[in-house]
Amino acid sequence: MSDAARRNAALLTGISAVVAFVALRSIVAIGGHEPLAIDVWWHDVMAAASSDVGIVIAWVPAVVGGTLGMILVGVALIVLLLRRERRGDAATLAIAMIAVVALGATMAAVIGRTRPEDSLAESMATSFPSGHTAVATTVVVVLGIALRRRLVWVLGAIWVITMMWSRTYLAAHWLSDVIAGMLEGIAVATLVWVCAEAVRDRHAARLSATPPFPHPDESATTP
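So the sequence shown is numbered by our numbering: it starts at 396 and just counts up by one.
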């Protein structure tokens with residue numbers, strides 16, 4: 396796939412994710428921010444499957460994907476990209492992570508959706524969208540686009556699904572919350588990447604249009 400095709404695909408994916416997020420947000424708002432029928436069904440499934448071992452396992456991605464965990468993971472990934480001389484990708488990842496956290500936290504506070512009453516994790520009314528899922532998705536999508544490795548996409552998809560399961564298994568979010576978080580992450584990651592690529596292209600065009608400094612010998616004139 397050419398670079399132009401990759402950017403068009405990323406842009407289309409980002410716009411589609413935004414549209415889907417807005418649609419889901421509207422459905423939740425129309426319902427008075429109460430859990431949807433599918434939310435109640437999934438919550439009951441998770442509650443029926445709950446066990447002490449399952450809860451311990453579910454806390455692993457919850458902790459890793461928490462504020463401190465993602466700061467450490469983010470810094471480690473950025474350092475790794477820098478060591479591989481991928482400064483542009485490192486900057487894109489950092490910007491995308493900051494953007495998704497700022498956007499998601501603001502929306503969650505403004506929307507103020509209540510979490511399940513039996514939540515084993517957070518209890519504040521900031522359920523929609525899921526920040527854990529949004530950040531996890533953002534990291535996976537940025538790395539997937541940048542590195543172009545199928546293994547990154549496969550492992551990343553497993554990680555995002557595990558995060559979504561974890562947040563609902565711990566009753567920290569409704570199913571629609573984690574779906575919204577995934578859509579937010581896809582939108583932020585793809586659109587930030589497209590913007591970053593446009594900036595890089597413009598910078599490269601400026602460099603190519605700037606004439607090189609002449610060599611001292613070449614600039615000298617003969618009488």
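All C-beta atoms, glycine included, are put in the ideal place defined by N, C-alpha and C.
Going by other Cβ atoms of all chains shown within 10 Å of its Cβ, with 16 needed for buried, is residue 398 buried or exposed?
-> When all chains shown are included, residue 398 counts as exposed.
How many Å lie between residue 544 and residue 535 at the Cα?
-> Distance between the alpha carbons of residue 544 and residue 535: 11 Å.
In three-state DSSP terms, what is residue 439?
-> helix
Do the region 573-580 and the region 546-562 make contact, defined as three or more Cβ pairs closer than 8 Å?
-> yes
Return the chain-ordered ranges of every alpha helix (DSSP H) run that is complete within the region 409-465 and spans a minimum of 4 residues.
-> 432-443, 447-459
At which residues does the alpha helix (DSSP H) containing residue 396 begin and terminate?
-> Neither: residue 396 is in no alpha helix (DSSP H) and is coded neither H nor E.
Mind checking residue 466: buried by the 16 CB within 10 Å criterion, or exposed?
-> exposed
DSSP on residue 561, reduced to helix/strand/coil?
-> helix
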